[in-house]
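Using this note's numbering, the first residue of the sequence shown is number 7, and each one after it goes up by one. One structure is given here, and the rest of the page talks about it.
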Amino acid sequence: MTHTFGPNSAAWLSSAQLSETVTEVEAAKWDDSADFVVVGYGGAGMAAALEAVEGGLDVLAIDLFEGGGSTAMNGGVVYAGGGTAIQKEAGVEDNAEEMFKYLALETQGVIKDSTLRRFCEQSPGLIDWLTGHGVRFDSALFRSKTSYPPQGYFLYHADSSLAPSHAAVAKPAARGHKAWCPPTNAAIGFGKHLTDPLRKSASRRGVRFMAQTEARQLIMDASGAVIGLSVVQMPPGEKAEECRRLMALATKWQMMLPSSFPGFNITNGIAERYWKRANEIKSAHSTVRRIRALKGVCLSTGGFIQNRPMVKHYAPGYSASMAMGSPGDNGSGIRLGQTVGGAVDRLDRISSWRFLNPPQAFAAGMLVNAKGERYVNEALYGAAVGQVLGDEQNGIGWLILDKNLYRKAKQQLRKDEMLPFQRQPGKLALLFARKARSLDQLAEKCGFDPHTLRETADTYNRTAAGWQDDPFGKDQSDMHSIVDGPFYAIDVGAKSKLLPLSTMTVGGLKVDEDTGEVLREDNSRITGLYAAGRAAIGLPSHLYISGLSAADCFFSGRRAGAHA
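Below, the structure is given as structure tokens:
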């Protein structure tokens with residue numbers, strides 16, 4: 007889907023303003039200048055800044071908040087393989103070709119094969135580059151399937167590569183590289199162990215940083231090249247400090263619970279009130295500054311999952327889901343790119359996450375739709391399950407268990423290694439599951455057709471017993487017969503109040519995959535304008551897997567900074 011409208015459209019839903027064209031560049035008024043200006047200082051922005059400053063450029067980075075972005079708020083995982091130093095230390099065999107074959111299954115042509123192959127070939131070097139800038143990794147390997155590794159483990163299977171349907175195409179390997187951190191029961195915020203070292207390294211190398219600064223307008227010369235931008239900035243002083251205090255409180259409340267946790271809508275609502283107060287101060291006291299960019303501007307502002315009207319416009323089916331991202335994920339960078347003719351794609355594409363494992367017993371059950379029919383391999387990575395649930399089943403999902411699986415899940419939630427954000431929702435899910443003596447009664451309680459649910463269970467049981475292959479590619483070892491009552495149904499749908507569905511946007515500006523320059527609708531490049539991370543189309547723009555967005559942020563950010 008592509009869009010060419012601008013700020014005058016009712017569907018613009020952004021503070022980004024129409025671009026300005028200046029004919030006398032040197033005579034124009036400029037308040038500051040740099041070779042390369044980075045807009046949005048999260049993972050992609052830091053990578054772009056570091057690459058550019060290492061190439062000898064004078065770099066200025068700005069951020070609407072204090073920097074870090076969604077990368078700092080995430081799980082601190084980088085998807086990397088092909089034989090990284092960490093993989094080798096852990097005894098994990100991998101190579102770029104197997105990594106390429108696996109990711110080709112997940113990316114489905116959203117980027118060129120040549121780009122994907124380059125990403126895989128450069129992957130070991132990316133871990134070395136991050137390590138060189140102070141990021142610490144660890145080779146403690148968690149071998150089982152999980153949505154996120156327990157305490158003390160830092161290398162794990164962050165994808166669906168262990169599923170037989172995928173393993174038949176590409177040899178599985180643990181590619182989730184979690185940044186080292188001290189033991190903690192926290193669920194989110196591990197990403198600071200990626201961004202904090204990068205920020206310090208960039209500062210030591212001379213990257214200048216301006217916080218509480220919002221890009222509002224791009225400035226072009228007569229040829230259509232981007233030569234600078236107009237920003238609004240909080241000047242130093244008492245009001246700026248008040249903004250910082252309010253934003254720190256907002257961040258504290260937003261990160262109190264993961265977006266998939268019951269109650270997140272409450273804590274996130276408190277965070278939004280603090281952000282609103284901070285924005286009111288900014289609106290009243292910010293000043294306008296014009297910044298000259300001699301070599302280019304990089305838009306690395308994130309996606310737009312926090313811009314709920316924009317989500318409702320492009321992906322109305324996900325408007326009730328929980329947003330996974332920083333408050334800076336408001337779509338401003340995407341809109342800025344559009345004001346100078348930048349083309350966009352996949353703005354209607356949402357990555358939704360429905361993790362069933364842990365406990366493993368949940369993934370051994372069967373997931374059914376509004377009719378009582380199965381529709382996916384429940385053992386796949388959570389975003390793969392969530393994609394089918396959201397895009398093909400109108401957000402409907404019921405997890406069906408029998409007495410034996412229910413008891414097994416209860417035992418696993420009590421004894422198995424997992425973090426509290428995985429354990430507690432699982433316990434609540436069991437507590438509030440719908441219960442019935444027979445499948446027919448369960449179907450009536452959930453609104454299914456009883457005959458359909460019985461047929462679904464019969465087919466599943468024959469597959470679990472090894473009498474036939476599963477049409478969704480689920481391995482027999484990942485299945486458990488649904489035969490002994492009572493039976494249970496857990497609502498894992500998009501509108502579940504108990505188990506919110508976490509979502510993020512994956513569409514953005516189209517870019518030249520060799521340079522990172524933003525493309526027009528006719529595929530011509532916009533001189534002086536780059537995009538990286540979730541402001542641009544990239545590796546996760548078809549299907550997200552853990553750590554792939556962070557890896558793409560670093561990959562695309564470095565690409566832009568190197569070309570500038």
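We put the beta carbon where it would ideally sit given N, CA and C, even for glycine.
Rounded to the nearest angstrom, how far is the Cβ of residue i from that of residue j, given a contact under 8 Å?
i	j	result
S292	V238	4 Å
G46	S306	4 Å
Y280	A256	4 Å
G138	L161	Wrong, their Cβ atoms sit about 19 Å apart, outside the cutoff.
S332	G75	5 Å
G337	N313	5 Å
W18	R341	7 Å
M510	I311	5 Å
R561	F125	In the sequence as displayed, the identity of residue 561 is Phe instead of Arg. With a Cβ gap of about 6 Å, F561 and F125 count as contacting.
E345	L535	Rather than Glu, the amino acid found at residue 345 in this sequence is Thr. T345 to L535, Cβ: 10 Å. No contact.
Y466	M372	5 Å
G522	A538	6 Å
T533	V232	7 Å
Q93	R222	Their Cβ separation, rounded to whole angstroms, is 44 Å, which puts Q93 and R222 out of contact at 8 Å.
Say yes only if the C-beta of residue i is nearer than 7 Å to one or more non-hydrogen atoms of the ligand PLP, and no if none qualify.
i	result
D455	Among the components modelled here there is no ligand, and therefore nothing to report on the ligand PLP.
Kindly indicate which three-state DSSP category residue i falls into: helix, strand or coil?
i	result
K151	coil
Q223	strand
Y280	helix
L419	helix
E244	helix
D526	First, the residue type needs correcting, since residue 526 is Arg and not Asp in the sequence shown. If DSSP states are grouped into helix, strand and coil, R526 belongs with the strands.
T521	coil
L70	coil
A86	coil
Y381	coil
I233	strand
R564	helix
A146	coil
Q474	coil
V65	strand
W259	helix
H569	helix
Y387	coil
N467	helix
D455	coil
L252	helix
E30	coil
S547	helix
H270	Here the sequence assigns Phe to residue 270, which means His is not the residue at that position. In the structure shown, F270 sits in a helix (DSSP, three-state: H, G or I).
S15	coil
S483	helix
E461	helix
F499	According to the sequence provided, residue 499 is Gly. The question's Phe does not apply to it. Coil.
G195	coil
For the alpha helix (DSSP H) holding residue i, just list the boundary residues, first then last.
i	result
L24	Neither: L24 is in no alpha helix (DSSP H) and is coded neither H nor E.
K177	Per DSSP, K177 belongs to no alpha helix (DSSP H) and is neither H nor E.
T137	119–138
T201	198–210
S76	75–79
T511	Unbroken run through T511 is the beta strand (DSSP E), 508–511; no alpha helix (DSSP H).
F106	102–113
Q93	91–96
P170	170–173
Where do the ends of the beta strand (DSSP E) carrying residue i lie?
i	result
R214	214–216
A40	38–45
G51	Here G51 belongs to no beta strand (DSSP E); instead the alpha helix (DSSP H) covers 49–60.
M424	Note, M424: premise wrong, no beta strand (DSSP E); not H, not E.
Look up residue i in the DSSP assignment and give the residues it is bridged to.
i	result
Y494	L407, K441
L373	L405
G531	Per the sequence shown, residue 531 should be read as Arg rather than Gly. R531 pairs with L525.
Y536	C304, E523
L554	BP columns for L554 are empty, so no partner.
H183	V84, L161
A542	L515
Q239	T219, T293
Using a Cβ-Cβ distance under 8 Å, would residue i count as near chain D?
i	result
A389	Here there is only one protein chain, and chain D is not present.
| field | Contiguous alpha helix (DSSP H) assignments of at least 4 residues, all confined to the stretch 286–367 | value | As far as the stretch 286–367 is concerned, its whole alpha helix (DSSP H) runs of at least 4 residues are 314–320, 338–345.
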